[in-house]
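Have a look at the structure below before the remarks.
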Amino acid sequence: MELKAKLKEFICSTLGVEADVLEYDTALFGDSPIGLDSVDSLEIISYVDGEYGVDMTGVGKEHFQSIDTIAAYIEANK
Amino acid sequence: MNINEINEKIKQRPPFQMIDRVTELVPNESAVGLKCVSVNEPHFLGHFPESPIMPGVLIIESCAQLCSLVIEGSNEPDKLYVLLKVDGFKFLKPVIPGDRLEISVKKTRGGAGVFSFDAEVKADGRVHAKGSLMFTAIDRSSVYER
Numbered sequence: 059m060e061l062k063a064k065l066k067e068f069i070c071s072t073l074g075v076e077a078d079v080l081e082y083d084t085a086l087f088g089d090s091p092i093g094l095d096s097v098d099s100l101e102i103i104s105y106v107d108g109e110y111g112v113d114m115t116g117v118g119k120e121h122f123q124s125i126d127t128i129a130a131y132i133e134a135n136k
Numbered sequence: 000m001n002i003n004e005i006n007e008k009i010k011q012r013p014p015f016q017m018i019d020r021v022t023e024l025v026p027n028e029s030a031v032g033l034k035c036v037s038v039n040e041p042h043f044l045g046h047f048p049e050s051p052i053m054p055g056v057l058i059i060e061s062c063a064q065l066c067s068l069v070i071e072g073s074n075e076p077d078k079l080y081v082l083l084k085v086d087g088f089k090f091l092k093p094v095i096p097g098d099r100l101e102i103s104v105k106k107t108r109g110g111a112g113v114f115s116f117d118a119e120v121k122a123d124g125r126v127h128a129k130g131s132l133m134f135t136a137i138d139r140s141s142v143y144e145r
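As given, the protein sequences belong to chains X and H, one line each in that order.
Per the working numbering, the very first residue in the first sequence carries number 59; after that it's consecutive.
Per the working numbering, the very first residue in the second sequence carries number 0; after that it's consecutive.
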């Protein structure tokens, strides 16, 4: 499965986000309707480390803006 | 692992010690532990005076303490392993004094210092509770920053 599709599946199944409101460029954190929080970000970091061997610990929040930016960081660092 | 060996690994003490014995342990993977429920435990004074039932949050705490025994290095002096998330817990049957809880925990994910476990709690061979827990390590000093 494509990287972005796998990230979306993880965010929906584990973090409880409805698939029909989540596009690859949808804002994930802050005032976005998705409204993920700091614990959710740790789950994403753990998932990315476990699945792709890419450690996003301490990475700037601009890389967590959306599925697009997370995928781009993984591609650039794996 | 008996109670003395458990005490070397975790910081909790009575009346907040929720694992009495560990019967199986695969470091960083899984464990099975026992919690013997006694009417002498202080929470039964109020939960409930006429009907002692072990609070669900303490069943979760029992699972959490067993998980902390699975995580290698969770006894580091400057670090504290904290519960981040409790997910999908179900309490299928009340736990009462006299029950011997057989608690099984199995790690499901462990990347980037975040550990997730599935937990199942049985008594007399029947599942009484089950759910998932997530932990991470934080600096002990950061807990008290305000």
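Backbone N, C-alpha and C define an ideal beta-carbon position, used for all residues, glycine too.
Model, not experiment: these values are computed from the prediction.
Measuring CA to CA, which of H/116, H/28, H/112 and H/88 is closest to residue 116 of chain X? H/112 is the residue among H/116, H/28, H/112 and H/88 whose C-alpha sits nearest the C-alpha of residue 116 of chain X.
Measure the CB-CB distance between residue 113 of chain X and residue 62 of chain X and report whether it falls below 9 Å. In this structure, residue 62 of chain X does not lie closer than 9 Å to residue 113 of chain X by Cβ.
Expected contact under 8 Å - CB spacing of residue 94 of chain H and residue 59 of chain H to nearest Å: 12 Å between Cβ atoms; not a contact.
Terminal residues of the continuous beta strand (DSSP E) containing residue 23 of chain H? 20-25 is the extent of the beta strand (DSSP E) around residue 23 of chain H.
8 Å contact criterion, which residue 27 of chain H and residue 106 of chain H should meet: CB distance rounded: Rounded to whole angstroms, the Cβ separation of residue 27 of chain H and residue 106 of chain H is 7 Å, and the two are in contact under 8 Å.
Please report the residue range of the beta strand (DSSP E) in which residue 138 of chain H lies. Residue 138 of chain H: member of the beta strand (DSSP E) spanning 125-138, first to last residue.
Any beta-carbon of chain H closer than 9 Å to the one on residue 108 of chain X? Residue 108 of chain X counts as touching chain H.
Bridge-paired residues (DSSP) for residue 87 of chain X: According to the DSSP secondary-structure assignment, residue 87 of chain X is paired through a beta bridge with X/94.
Answer with buried or exposed for residue 101 of chain X, where buried requires no fewer than 16 other C-beta atoms within 10 angstroms of its C-beta. With a 10 Å radius around the Cβ and a threshold of 16 neighbouring Cβ atoms, residue 101 of chain X comes out buried.
Assuming residue 50 of chain H and residue 100 of chain H make a contact with CB atoms under 8 Å, what is their CB distance in whole Å? Contact between residue 50 of chain H and residue 100 of chain H fails: their C-beta atoms lie close to 18 Å from each other, not under 8 Å.
Ends of the beta strand (DSSP E) at residue 29 of chain H? Residues 29-35.
Please identify the residue among X/107, X/73 and X/82 whose C-alpha is closest to the C-alpha of residue 94 of chain X. Looking from the CA of residue 94 of chain X, the closest CA among X/107, X/73 and X/82 belongs to X/73.
Which residues share a DSSP beta bridge with residue 117 of chain H? DSSP lists H/105 and H/131 as partners of residue 117 of chain H.
Residue from H/70, H/67, H/77 and H/68 with nearest C-alpha to residue 142 of chain H: Taking only the C-alpha atoms, the option nearest residue 142 of chain H is H/77.
Grab the span of the alpha helix (DSSP H) containing residue 89 of chain H for me, first residue to last. Run containing residue 89 of chain H: none in the alpha helix (DSSP H); it sits in the beta strand (DSSP E), 78-90.
DSSP three-state label for residue 80 of chain X, please. Looking at residue 80 of chain X - three-state DSSP - the assignment turns out to be coil, as it is neither helix nor strand.
Which residue marks the beginning of the alpha helix (DSSP H) containing residue 64 of chain H, and which one marks its end? Note, residue 64 of chain H: alpha helix (DSSP H), 55-69.
If we count the other Cβ atoms within 10 Å of its Cβ and call it buried at 16 or more, is residue 66 of chain H buried or exposed? Result: buried.
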